[in-house]
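There are 2 protein chains.
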Amino acid sequence: MVTNMNTNQRFAISIHALTLLASSSTPLTSGMIASSVDTNPVVIRRTMASLREHGLVESKPGAHGGWKLLREPAQIGLYEVYRSLDEVNVLTVHGHPNKFCPVGGNITGVLQAVFDDAQSKMEKALGNYTIADVLKDVRKKANRSV
Amino acid sequence: MVTNMNTNQRFAISIHALTLLASSSTPLTSGMIASSVDTNPVVIRRTMASLREHGLVESKPGAHGGWKLLREPAQIGLYEVYRSLDEVNVLTVHGHPNKFCPVGGNITGVLQAVFDDAQSKMEKALGNYTIADVLKDVRKKANRSV
DNA sequence: CATATTTGTAACTATAATGGTTACAAATAT
DNA sequence: ATATTTGTAACCATTATAGTTACAAATATG
Numbered sequence: 072m073v074t075n076m077n078t079n080q081r082f083a084i085s086i087h088a089l090t091l092l093a094s095s096s097t098p099l100t101s102g103m104i105a106s107s108v109d110t111n112p113v114v115i116r117r118t119m120a121s122l123r124e125h126g127l128v129e130s131k132p133g134a135h136g137g138w139k140l141l142r143e144p145a146q147i148g149l150y151e152v153y154r155s156l157d158e159v160n161v162l163t164v165h166g167h168p169n170k171f172c173p174v175g176g177n178i179t180g181v182l183q184a185v186f187d188d189a190q191s192k193m194e195k196a197l198g199n200y201t202i203a204d205v206l207k208d209v210r211k212k213a214n215r216s217v
Numbered sequence: 072m073v074t075n076m077n078t079n080q081r082f083a084i085s086i087h088a089l090t091l092l093a094s095s096s097t098p099l100t101s102g103m104i105a106s107s108v109d110t111n112p113v114v115i116r117r118t119m120a121s122l123r124e125h126g127l128v129e130s131k132p133g134a135h136g137g138w139k140l141l142r143e144p145a146q147i148g149l150y151e152v153y154r155s156l157d158e159v160n161v162l163t164v165h166g167h168p169n170k171f172c173p174v175g176g177n178i179t180g181v182l183q184a185v186f187d188d189a190q191s192k193m194e195k196a197l198g199n200y201t202i203a204d205v206l207k208d209v210r211k212k213a214n215r216s217v
């Protein structure tokens, strides 16, 4: 049996939303983004709120409001998007091993160091991509102007 | 707020158990391992079953039974341990975006390629460590013979 | 052979993460 | 004024996960 270690879609949804904004000359509403992502507008607002807190987007309520980018798509790296969600530890150290066992009492720190190293390599890879790259690849697949 | 994307501790538990076995000259029971990990023996059996299916350990039921390594600790890489758990996708692409949107209809493949690249970098980093390395670092922290 | 030990595994529970949904106040443009 | 849109709390349903109980099957030893 093959399982996912992680069912959190917020990172994917964030990239999707930012790519939509990058492809649009006007602000997009939560409803429009939700329609493309196929979810509820509140899910979009919740996710976008994290991006707004980190200065990637801004929102405006009311008629003709919505979301827009605060930066050029080529200046938005996926690592920064990832960090904006305040989600860490794709690999998780177990909680409270037996302190009186020589292995149990010392393995937590060793594991955390290994996991931190592995994760930093992943994050570095994410940093090699920007929203502009994603949009370019999407357009390539769409094979027309999006 | 900072959250974990992942609460799955099986990888950490697996490394912990394998490190214990590497430190022991005799087989260890699920109960002994569970005591060091601080969990229930069934949790250990479930996790170890995956490692057994992948040829990393063997188990023997009955009196004086238990678990032992089938390979030298220096020959057990953490990437192989990770793969033995059949857990994939530390980054998850969202499920069913709108096919009729040019972005929604094409972003899934683009995201999967990016996530696969990021994950492969993480996996490569894990491959740089073995159970022998973990045991060595644990012993260094313990500052005595384990 | 009898007994104690240990794994194998099904079944169940509790907790937490997650996404989805409803509801409504506040802000905004026209 | 009115329609639109975000902000956010509250709640529900689903799923992943760890933990637990129970018991059959296998094994070593006296």
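Protein chains in written order, with the numbering used here: chain A, 72 to 217; chain B, 72 to 217. Each residue gets a CB set at the ideal place from its N, CA and C atoms; glycine is no exception. Since the structure is predicted, the reported quantities are computational estimates derived from the model, not experimental observations.
*What are the residues of the region 120-146 of chain A that lie near chain B, defined by any Cβ-Cβ distance shorter than 9 Å?*
none
_Coil, strand or helix - B:Glu143 by DSSP_ = As a position in the second sequence, residue 143 of chain B is number 72, starting the count at 1. It is coil, neither helix nor strand.
*Assuming B:Pro98 contacts B:Gly136 under a Cβ cut-off of 8 Å, what Cβ separation, rounded to an integer in Å, is found between them?*
Within the second sequence, the letter at position 27 stands for residue 98 of chain B. Within the second sequence, the letter at position 65 stands for residue 136 of chain B. Contact holds; Cβ gap of about 7 Å.
*asked:* Check whether chain A comes within 8 Å of B:Asn77, counting only Cβ atoms and requiring the distance to be less than that.
replied: As a working note, residue 77 of chain B is residue 6 in the second sequence. Yes, B:Asn77 lies at the interface with chain A (some Cβ there is under 8 Å from its Cβ).
*A:Val174 (DSSP reduced to helix, strand or coil)*: For the purposes of this step, residue 174 of chain A is identified with residue 103 of the first sequence, where counting begins at 1. Coil.
_Contact check, B:His87 vs A:Val174, beta carbons under 8 Å_ = For the purposes of this step, residue 87 of chain B is identified with residue 16 of the second sequence, where counting begins at 1. For the purposes of this step, residue 174 of chain A is identified with residue 103 of the first sequence, where counting begins at 1. Contact: yes.
*Just to confirm, are A:Leu91 and A:Ser107 a CB contact at a threshold of 8 Å?*
By one-based count along the first sequence, residue 91 of chain A stands at place 20. By one-based count along the first sequence, residue 107 of chain A stands at place 36. Yes, they are a contact pair.
*Which parts of the region 98-155 of chain B are runs of the beta strand (DSSP E), unbroken and 3 residues or longer, counting only runs that do not cross its ends?*
128-131 and 137-140
*Check each residue of the region 162-173 of chain B: if its Cβ is closer than 8 Å to any Cβ of chain A, include it; give the result in chain order.*
Leu162, Thr163, Val164, His165, Gly166, His167, Pro168, Asn169, Cys172 and Pro173
*Please classify B:Asn77: is it buried, with 16 or more other beta-carbons within 10 angstroms of its beta-carbon, or exposed?*
The sequence position of residue 77 of chain B within the second sequence is 6, counting from 1. The residue in question, B:Asn77, is buried, as its Cβ has 16 or more Cβ neighbours within 10 Å.
*asked:* Using only CA atoms, which one of A:Asp208, A:Leu141, A:Gly133 and A:Arg81 lies nearest to B:Asn177?
replied: If you number the second sequence from 1, residue 177 of chain B lands on position 106. Checked all of A:Asp208, A:Leu141, A:Gly133 and A:Arg81; the closest Cα to B:Asn177 is A:Asp208.
*Step through the CB atoms of chain A and report whether any lies within less than 8 Å of the CB of B:Val113.*
Working through the second sequence from its first residue, we reach residue 113 of chain B at position 42. Judged by the 8 Å Cβ criterion, B:Val113 is not in contact with chain A.
_Spatial neighbours of A:His125 in its chain, beta-carbon cut-off 6 Å, leaving aside the 5 residues before and after_ = Residue 125 of chain A sits at position 54 when you count from the first residue of the first sequence. Closer than 6 Å at the Cβ level, and outside the excluded window around A:His125, lie Ser155.
*Are the C-beta of B:Leu91 and some C-beta of chain A separated by less than 8 Å?*
Taking the second sequence and counting its residues from 1, the one referred to as residue 91 of chain B is at position 20. By this cut-off, B:Leu91 is an interface position.
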